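Report on the structure given below.
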Amino acid sequence: MKNIVFLLCCCANLFYAQQTDYVDFTEVKAVLAFSQMKVDSTVFNSYQIKFEVLKQTDSVYLDAINMKFSNVSLNKSKVKFKNDGKKLIIYHGFKASKTYTLNFLFFTSPKKAMYFIDWNNEDAVTSSYSDTFRNSPEKKQIWTQGQGKYTSHWLPSIDDMNDKIEFDISCVAPKGYEVISNGKMVSKRETPTYNLWEFDMEKPMSSYLVALVIGKYSKNVEYSKSGIPLEMYYYPEDSLKFEPTYRYTKQMFDFLEAEIGVPYPWQNYKQVPVKDFLYAGMENTSATIFADSFVIDSIAFADKNYVNVNAHELAHQWFGDLVTETSGTHHWLQEGFATYYALLAERDIFGEHYYYWQLYEYAQELLNQDRAGGSTSLLDPKSSSTTFYKKGAWVLHLLRERVGEKAFKAAVKNYLKKYAFKNVETENFITEVEKVSGEDLTDFVKLWLKNKVFNYDEVLNSLKKSAYMQEYLMVDCEVYTSKCSDYLTSGISDEAKIKVISQIPNQIRKEDFKNSLKVRQAIARNVSKIPLQLKTEYESLLNDESYVTIETALFNLWQNFPQERQKYFEKTKDIQGFSDKNVRMLWLALQLVSPDFEDKNKREYFNALTRYTSPQYGFEVRQNAFQYLHQIQACKDVCKKHLKQATKHHNWRFQKFAKALIEKETP
1 MKNIVFLLCC CANLFYAQQT DYVDFTEVKA VLAFSQMKVD STVFNSYQIK
51 FEVLKQTDSV YLDAINMKFS NVSLNKSKVK FKNDGKKLII YHGFKASKTY
101 TLNFLFFTSP KKAMYFIDWN NEDAVTSSYS DTFRNSPEKK QIWTQGQGKY
151 TSHWLPSIDD MNDKIEFDIS CVAPKGYEVI SNGKMVSKRE TPTYNLWEFD
201 MEKPMSSYLV ALVIGKYSKN VEYSKSGIPL EMYYYPEDSL KFEPTYRYTK
251 QMFDFLEAEI GVPYPWQNYK QVPVKDFLYA GMENTSATIF ADSFVIDSIA
301 FADKNYVNVN AHELAHQWFG DLVTETSGTH HWLQEGFATY YALLAERDIF
351 GEHYYYWQLY EYAQELLNQD RAGGSTSLLD PKSSSTTFYK KGAWVLHLLR
401 ERVGEKAFKA AVKNYLKKYA FKNVETENFI TEVEKVSGED LTDFVKLWLK
451 NKVFNYDEVL NSLKKSAYMQ EYLMVDCEVY TSKCSDYLTS GISDEAKIKV
501 ISQIPNQIRK EDFKNSLKVR QAIARNVSKI PLQLKTEYES LLNDESYVTI
551 ETALFNLWQN FPQERQKYFE KTKDIQGFSD KNVRMLWLAL QLVSPDFEDK
601 NKREYFNALT RYTSPQYGFE VRQNAFQYLH QIQACKDVCK KHLKQATKHH
651 NWRFQKFAKA LIEKETP
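According to full-length UniProt numbering, the sequence shown holds residues 1 to 667 in order.
Spelled out as structure tokens, the structure:
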């Protein structure tokens, strides 16, 4: 958003490891102002950063990418400084054991880490800040994503995790927009055109966890058993999606506090969905940001819900935010722990079978990675997400089995208390486990943390401790036997039945449709050539409360019974599906390629499908539309224009998709 200049009066923070030996930044106060007014006609009060010098030095610095500075002062006096485009360097004879206060104004137009969504229209924010796109899918937002070394693109900070600072963010924003940041909102000052929001953090955190969101939101607040406010934000038009989106939030929060044994370390906990987010979610301290594709209705909950991401980002508030890795070598201390504790929280909701099934799926993913030659040590900073997340979770599961639940929980509690608001390495955690359990874990560390190979046989032995998993592994119809015909009407687990269906899709009978939603979905996915005697039962899949099942069944029925297409179209004409409109997109595409059907409406359907490629929509919707238009060879001028725009999208996955599709579209 080139015409919006924001001013941050403030601050400083974390830095490279060598600087932490000389300086300890303790407190940052920053004011960010978003305005269409020219910089030189706008005046704001400055804010400050405090720091203590540990060893005598002649300079200190802050990481600050492509920023401009003015009114720089040290302890209220002018000071010599240099701005090289990457750092703000302050020159002074800094003395040990002395505290300093640095003040300045700064201006920036970030190319990373702060994203301006749907803010390109000149009418988007008028002098009265009215919303001129109320009925549009646009969602005018500003949000940040600083994980890695990116916060310094929008906020002077230190591109390192090894110094923790108390960040107090204030923000001037247009009236009518909510502002969400770390910590507790301590005041909201209103004027006719804008509001000043002030937030306070009581405890220090790493700079990559600083967050800011500005947008149109409503919120509901619940309270944990321990009294922590749980602030859950949603778009005003999505009030009916609030409950399924945030389902089990309070239960998971209460469970994790009890399971971990250490009280939640921050004043409150906020969660806010944003459009076109880069990942599923991000565990900013006390303020998780997540992709609004997880905002769902009750039907979508069965196939795609926010529960796991919700639990994962919440677990990070302890593992990653309270205690933070010193470097990427120890990244599993954050992602492995968050994955494992999220799974424990889900076990509390969905049961023991769910827990073991997820572990089994993690193991299959790790086994496939191993077979493809992609396995690495858990202590390799270049390891894949599969290793850090899934193998990390498995290591904790196996470690708990080895030392026992009591010793494991006591060690985790001691580890978190000892290193609270500090940085940690793997040895710090292992030492605490050894102290409590009395065991020497050298062999365990060598086998599971340092070894590249995934020890699948030992994992399988652990899984077999579950009778549920024993049954699943035993059931096998790769070689058809008389037992197989009865499996789908027996009392075996849904997962075992799904396995059977994938192995013998040509043996499905009418009575097999009398199963759970998940099993019926497996029939839809695996039986693509529908026998006439199963037509009525297969048509009943269109009534299931599952957008995946409906999408799959609609396509297969359309393909198998062309004479009945009008009936299937009529049955599903009002179904949108997930937030990516999976069912609606398929419906439109099938209408366009159905010969001699509703020809008079095909222009309308083509326009509707093309409209979904517009930047007004989230990238998931656009990607679906691009794919369908490409498949039916109907990506015309407007589609191609939008596809070209998509190659410059801030979401790198979508950008990569668009570039690849353009290559396919180019003759």
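Using N, Cα and C, we set each Cβ at its ideal position, and we do this for glycine too.
Keep in mind that this is a model prediction, so the values were computed, not measured.
A contact is defined here as three or more CB-CB pairs under 8 Å, and the region 454-461 fails this definition with respect to the region 192-199. Comparing alpha carbon positions, the residue from ALA420, GLY351, ASN284, TYR246 closest to ASN305 is TYR246. Beta-bridge pairing by DSSP links GLY215 to GLU178. The Cβ-Cβ distance between GLN147 and TYR208 falls below 8 Å. Judged by DSSP in its simplified three-state form, HIS650 adopts coil rather than helix or strand.
In the three-state reduction of the DSSP assignment, ILE158 falls in the coil class, being assigned neither a helical nor a strand state. Nearest Cα to ASN268 within the set HIS316, GLY183, LEU88: GLY183.
Three or more pairs of CB atoms, one per stretch, sit closer than 8 Å, so the region 249-260 contacts the region 346-362. ALA342 sits close to HIS312, with the two beta carbons spaced by under 8 Å.
Between the alpha carbons of LEU643 and LEU661 lies a distance of about 8 Å. Counted as a single uninterrupted DSSP element, the stretch harbouring ALA420 is not any alpha helix (DSSP H), since DSSP gives it neither H nor E. No Cβ-Cβ contact shorter than 8 Å links LEU586 with ILE632. Counted as a single uninterrupted DSSP element, the beta strand (DSSP E) harbouring MET114 occupies residues 114-117.
ARG603 is classed as exposed because its beta carbon has fewer than 16 other beta carbons within 10 Å across all chains shown. Around the beta carbon of ASN607, a 10 Å sphere encloses fewer than 16 other beta carbons of the protein chains shown; the residue is thus reported as exposed. Rounded to the nearest angstrom, the gap between the Cα atoms of GLU434 and THR326 is 21 Å. Closest in C-alpha terms to GLY374, from the list ASN428, ASN451, TRP357, comes ASN451. Of the residues assessed, TYR233 falls on the buried side of the cut-off, its CB having 16 or more other CB atoms within 10 angstroms.
Approximately 6 Å separates the beta-carbon atoms of LEU54 and TYR22; this is inside 8 Å, confirming the contact. If only uninterrupted beta strand (DSSP E) runs of at least 3 residues are considered, those enclosed by the region 201-276 are 212-215, 218-223, 229-234, 269-274.
Contact between GLU545 and ILE299 holds: CB atoms are separated by about 5 Å, below the 8 Å threshold.
Nearest C-alpha to ILE498 among LEU212, LYS656, ALA524: ALA524. Taken in chain order, the unbroken stretches of alpha helix (DSSP H) that lie wholly in the region 301-350 and span 4 residues or more are 307-316, 332-350.
Here GLY281 carries a strand assignment [DSSP, helix/strand/coil]. Bounds of the beta strand (DSSP E) holding SER73 are 67-74. As a beta-bridge residue in DSSP terms, GLN48 pairs with ASN103. Going by C-alpha positions, PHE290 is about 47 Å away from THR481.
For ARG603, the enclosing alpha helix (DSSP H) has its first and last residue at 602-611.
In terms of Cβ geometry, SER73 and ASN120 do not form a close pair [threshold 8 Å].
Less than 8 Å divides the Cβ of ALA338 from the Cβ of PHE319. Under the Cβ criterion (8 Å, minimum of three pairs), the region 206-226 counts as touching the region 269-285. Residue environment: ASP637 is assigned as exposed (fewer than 16 neighbouring CB atoms within 10 Å of its CB, all protein chains considered). For LEU554, the uninterrupted alpha helix (DSSP H) run begins and ends at 547-560, by DSSP. The beta carbon of ILE169 lies closer than 6 Å to those of ALA30, SER181, PHE199 in the same chain, with the five residues before and after it left out. In the structure shown, GLN141 adopts extended strand secondary structure according to DSSP, grouped into three states.
As computed with DSSP, ASN455 is found in no beta bridge at all.
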